[in-house]
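Before any comments, here is the structure.
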Amino acid sequence: MYILNIVKITLKAVTVFLLSMAVVMLSSCSNPSPRFERYLGTVCFVNLYEKGRPDYYDEIFDRLKQIDEEFSFGSVKSDVYRINAFAARESVHVCDDVFSVLETAKKISELTGGAFDVTIEPLVDLWRINSTTPHIATQDEIDARLPFVGYESVILDPALKTVRFAKDGVKIDFGGIAKGFAADEIAKICKKHKIKRAVIDLGGNVYVFGVKKKGELWNVGIKNPEYPDSAPLIKVSVPQLSVVTSGIYERFFEKNDKRYHHILSPDSGYPVENDLYSSSVLCSNSMVADALTTAFFVLGREKSLEILPAVEEGLGLDIAAVFIAKNHSVYFSENFPYSKKILYSDWRIHRAHE
Ligand code: ADP
Ligand code: MG
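Quick note: the sequence shown, position 301, residue 329 per my numbering, numbers continuous.
Encoded structure:
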């Protein structure tokens, strides 16, 4: 029998979410007016603290609504819908938002050897893991869809802002990157209004903005994968930064004691099976962090750490990573620059390359 965890998660979303926020705000003192609404398939939470004017919140949530519309699968007017429907036959003109996310997606695909792949949609659609009707794909079904997965098939024209697919059957899915993009856009609005401090949490895609009172660092929690609704496993203390985690404990279904989660291997077509519960990325760019968490989960710890310097160079960004393994080991990338603490005594920190 299927255990539809997605449904469970939806029902508990607000509770769980507020719990996680309690963590983010561990050492903050005032919380007068946070706001949350549902966009991009998740609960989007923003706290502007003392600058929490209604018109600023309205601007932020209007922007989220706009991004949701541009990236939504459901609406025939959305750019994503038009790309998937027509880009195999003709060049499709898209808005600046979708074009810039596609450019970053392609770049990250290149830097991660295709571990992150925005053309994963034929496989996402086959498994339907995020839906109420998940399906265990057969090898034949996977073999039939794998030829359509490959970021090289996405042809972008920066001058005309158009997208074209090299062949029929290719489709894109922004599930692994859109929330990060949205978090960056909210941070831009905060910057524009000179907001001193803000917490942005789009379903675990966290961006802590500005500095807290007295110049303190933010404490951000990384969930305990075995008890995601309880206290976090790790606490990291960071300046303005995005902290994003991809794990196998949020969106999955189980059948016959086997767990099928939502991070898919573009090579094999199956949910990735490795020794990890989750991968987290800390970076000033939330869109990059979002896509990289997915890529690093696909690649696994060793390969991710091996390519990390080249990824940092390729993107011109400082990137730190955390891997939580099923054997209760936590690995931080080399020279991890933030102070960190494990909050459970039965988990251990290991050296990155151990
Ligand atoms: P979450 O959505 O829980 O934040 P992720 O950021 O890891 O988690 O995104 C997972 C989503 O990304 C999946 O639900 C799917 O839509 C898409 N996806 C799955 N595997 C890949 C992949 N290898 N490359 C790019 N996107 C992926
Ligand atoms: Mg991601």
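Just so you know, even glycine gets a beta-carbon here, dropped at the ideal spot from N, CA and C.
Residue i burial status per 10 Å Cβ neighbour count (16 or more: buried)
i	result
K207	buried
S258	exposed
R225	buried
G344	exposed
S274	buried
E334	exposed
N252	buried
K199	buried
A317	buried
A353	buried
I183	exposed
G231	buried
N355	exposed
P186	exposed
G297	buried
Chain-order list of residues whose beta-carbon lies under 6 Å from that of residue i (same chain, five-residue window excluded)
i	result
V126	E98, D107
V44	Caution is warranted here: a pLDDT of 42 is assigned to V44, below 50, making its placement in the model unreliable, and the coordinate value is therefore given only provisionally. Closer than 6 Å at the Cβ level, and outside the excluded window around V44, lie D257.
H378	S357, Y359
S100	S106
Contact check, residue i vs residue j, beta carbons under 8 Å
i	j	result
L304	W375	no
V122	I136	no
N233	A215	no
S308	T321	yes
A116	F193	yes
L310	A348	yes
A143	L154	no
I88	V71	no
T147	V191	no
Y84	L76	yes
Y366	V266	yes
A319	G204	yes
V248	V272	no
I157	F324	no
Bridge-paired residues (DSSP) for residue i
i	result
V264	V248, K368
N3	Since the first residue of the chain shown is 29 and the last is 382, residue 3 is not available in this structure.
F64	F73
P299	L292
T190	H121, D185
A353	L304
F360	V350
I377	V358
L269	V236
G275	S306
R329	In DSSP, R329 forms no bridge with anything.
Chain-order list of residues whose beta-carbon lies under 8 Å from that of residue i (same chain, five-residue window excluded)
i	result
Q167	none
S103	E97, Y109
I95	Y67, L68, D125, A206, F209, A210, E213
Y288	W155, I157, P162, I164, F280, F281, E282, P299
Legend entry - Contact set, ligand 2 heavy atom to C-beta under 7 Å: G204, I205, G208, V272, S274, D318, A319, T321, T322
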